[in-house]
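Inspection log for the structure reproduced underneath, given as structure tokens.
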Ligand code: HEM
């Protein structure tokens, strides 16, 4: 396929290059200005970068299927491909399923993520957060990703699904590998190991659902199984296991990354950090601005079901699109001074970080609640917390999921003498 414009920036675009992973926004800004809808040969995808075009794609599931949302980004080796084909017996259930199947599954799941359900979870999240913080509060310095922002969303979600705490370490490792397979460009050895582990992860979900059927508890998996008592449309075993498989991935790295991004930007602005400690009612606004300014999901995918135009550019049937959500969030036609981080921005919520339309993120209330709770507790307990100077942040090698892999923070303990 030839490139529709000769734009050199667009042609050289590589969303897995180190510079881009480190800071994608300058390149995305150039793409938005010079080639807002552009075929990227190295990935065999079209990149869409303007807010209006992305919103239009997301609003039209008939022309833009979500079937490729969870597919491996690049071609896998025949061995890795074979492992996925035979080992992964899950069925598309949510983010990669089109209507009418999607509407049915979404209807069954929506009540489990209602505002009331999430409000009921809040005390538990508050408690997990304070226990994790207690464990490092006296240290004065910590890798906050390792100590808090990684374990908290995983613990919350795995308990919500009903998984035993003892399995958490293993589950987190499996999830990291799925991320590279579906959104990265891993080498052949990695592909082999990761696809094998993805099959183990799927088997785990299948066995877990089977066991849960005879031992219902106070968790989301049991709630889905209980729907069978009263609802002819309840999900079958494979669908329930597929939902568990999908949620156990979607529901924690995304939030870990959001909280990590929030801490990076808030802690590097001490006056804003102190403001949210004094005025916690500003925290939801701060979270929205982080979602806009430095989202934890900067790209999502669709595939065209027929020849279409996107932003006036003809795109053929079967074209795979990368929707630059992070770029949309910096579009100056929507957000004034988009490169400024401003927690009181009145229209921050116009961001597309949770998508839009029928696939709008099912877990957004949970993600917002977890982020708000962590920021409130940290800002109130550690008003002088700061980033350890001189550290370089590293981001995972994939096109979609963005957040610092580690982050050293320090603070003066209240009993410590104030540094001169
Ligand atoms: C900051 C955190 C999160 C971000 C940025 C995020 C982002 C997204 C995005 C971009 C989509 C695709 C939207 C579309 O196709 O239009 C999505 C869908 C989805 N998200 Fe999230 N997500 C986050 C947290 C969560 C959590 C905590 C859960 C579950 C507990 C979750 C579950 C889902 C599910 C199930 C879907 C598919 C919904 C459907 O297809 O109907 N997400 N999310």
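In the working numbering, the protein residues as written are 82 to 501. For every residue, glycine included, the Cβ atom is placed at its ideal position computed from N, Cα and C. Please read these numbers as outputs of a predicted model, since none were measured by experiment.
What distance in whole Å lies between the Cβ atoms of residue 305 and residue 321, which are believed to be in contact at a cut-off of 8 Å?
5 Å
Reference residue 373, options 336, 159 and 416, closest by Cα
416
Would residue 151 and residue 263 be called neighbours here (beta carbons separated by less than 8 Å)?
yes
Can you name the start and end residues of the alpha helix (DSSP H) that residue 344 belongs to?
334 to 348
Is residue 129 close to the ligand HEM? I mean its beta-carbon at under 7 Å from any heavy atom of the ligand.
no
Mind listing, in chain order, the continuous alpha helix (DSSP H) runs of no fewer than 4 residues lying wholly within the region 128 to 166?
132 to 139
Applying the criterion that 16 or more other CB atoms from any shown protein chain within 10 Å of the CB defines a buried residue, is residue 104 buried or exposed?
exposed
Could you spell out the range, first to last residue, of the alpha helix (DSSP H) harbouring residue 394?
Residue 394 -> not in any alpha helix (DSSP H); beta strand (DSSP E) instead, spanning 394 to 396.
Given residue 410, which residues of its chain have a CB within under 8 Å of its CB, disregarding the five upstream and five downstream residues?
132, 372, 373, 374, 376, 416, 419, 432, 433 and 434
Could you spell out the range, first to last residue, of the beta strand (DSSP E) harbouring residue 381?
381 to 385
Three or more C-beta pairs closer than 8 Å, one from the region 202 to 211 and one from the region 448 to 468: is that the case here?
yes
Continuous beta strand (DSSP E) assignments of at least 3 residues falling wholly in the region 392 to 475
394 to 396 and 401 to 404
Following the continuous beta strand (DSSP E) through residue 266, name the residue where it begins and the one where it ends.
Looking at the DSSP string, residue 266 is not in any beta strand (DSSP E), and its letter there is neither H nor E.
For residue 186 and residue 316, which I take to be in contact (beta-carbon distance under 8 Å), what is that distance rounded to the nearest angstrom?
7 Å
Mind checking whether the beta-carbon of residue 471 lies closer than 7 Å to any heavy atom of the ligand HEM?
no
Going by beta-carbon coordinates alone, are residue 359 and residue 149 separated by less than 8 Å?
no
Would the C-beta of residue 405 count as close to the ligand HEM, meaning under 7 Å from any of its heavy atoms?
no
Are three or more beta carbon pairs between the region 220 to 228 and the region 485 to 493 nearer than 8 Å?
yes
Residue 160 to residue 300 span [Cα, whole Å]
37 Å
The ligand HEM and residue 323: does the residue's C-beta get closer than 7 Å to at least one heavy atom of that ligand?
no
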